[in-house]
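Step one of this worksheet: look at the structure below.
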Amino acid sequence: DVRAWVNEWNTDPKPFVWTKPADDILETLAGYCQRINDSRH
């Protein structure tokens, strides 16, 4: 159950830590967006 997980997580939350530079993340995202845009769905 998602709500139970969220409630448990919120008892001791931790900040998200990025493991790659923003440019790497955006480059990966741009490639993904191009693929789904070209899929013609």
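Residue numbers (the working numbering): 10 to 50.
Ideal Cβ positions, reconstructed from N, Cα and C, are used throughout, including at glycine.
T37 - containing alpha helix (DSSP H), residue span: A31 to N46
Start-to-end residues for the alpha helix (DSSP H) that takes in W27: Looking at the DSSP string, W27 is not in any alpha helix (DSSP H), and its letter there is neither H nor E.
C-alpha distance - C42 paired with E36, whole-angstrom precision: 10 angstroms
I34 versus I45 - alpha carbon distance: 17 angstroms
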